[in-house]
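Colleague: Dumping the structure here so I can ask a few things about it.
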Amino acid sequence: MAYKSSSIAGVIRRLNRDYYLPAIQRPYVWTPDQIVRLFDSLLKGYPISSFLFWDIEPAQATTLDIYKFVEDFKYGDFHNETAIVAPDAGSGRSATIDITVDRLARHLQGQAQRQALAEP
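Residue numbers (this note's numbering): 553 to 672.
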């Protein structure tokens, strides 16, 4: 088994395109405090461990229950997809980073729009 390095941005770009969740993965359970601690670790340059991915043969992809990573977190909203690669470890961190970066980008975009409207 080979180890490959990837940036967080690279992993985020591949979520729900190349990386999906196996149905065996537990539901998203991160608390706001855990999210803050994860981003605190990232900003301090601490390692966040590794992610484990397993390859799925294309013939198997249609027989397995595969889910998308959380994009807009809503309780009770599930989506089933087929995939070629599924993470087995690190999915909580991946989903947390994806959700937080998306919401931060939306917030900053809204701030920029409000600021543009307020300028004379």
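Backbone N, C-alpha and C define an ideal beta-carbon position, used for all residues, glycine too.
1) From which residue to which residue does the beta strand (DSSP E) around residue 585 run?
2) Provide the residue span of the beta strand (DSSP E) that contains residue 617, from first to last.
3) Among 609, 659, 603, which one has its Cα closest to the Cα of residue 558?
4) Give me the residue from 564, 600, 613 with the minimum Cα distance to residue 647.
5) Please report how far the alpha carbon of residue 569 lies from the alpha carbon of residue 668, in whole angstroms.
Modeller: On the basis of the data shown:
1) Along the sequence shown, one-based indexing puts residue 585 at 33. For residue 585, no beta strand (DSSP E) segment is defined; the enclosing uninterrupted segment is the alpha helix (DSSP H) at 584 to 595.
2) Locating residue 617 in the sequence shown gives position 65, counting from the first residue. No residue range can be given for residue 617, since it is assigned to no beta strand (DSSP E) and is classified by DSSP as neither H nor E.
3) Numbered from its first residue, the sequence shown carries residue 558 at position 6. The residue with the shortest Cα to Cα distance from residue 558 is 603.
4) In the sequence shown, residue 647 corresponds to position 95, counting from 1. Nearest of 564, 600, 613 to residue 647, Cα basis: 564.
5) Here residue 569 corresponds to residue number 17 of the sequence shown, with the count starting at 1. Here residue 668 corresponds to residue number 116 of the sequence shown, with the count starting at 1. About 34 angstroms.
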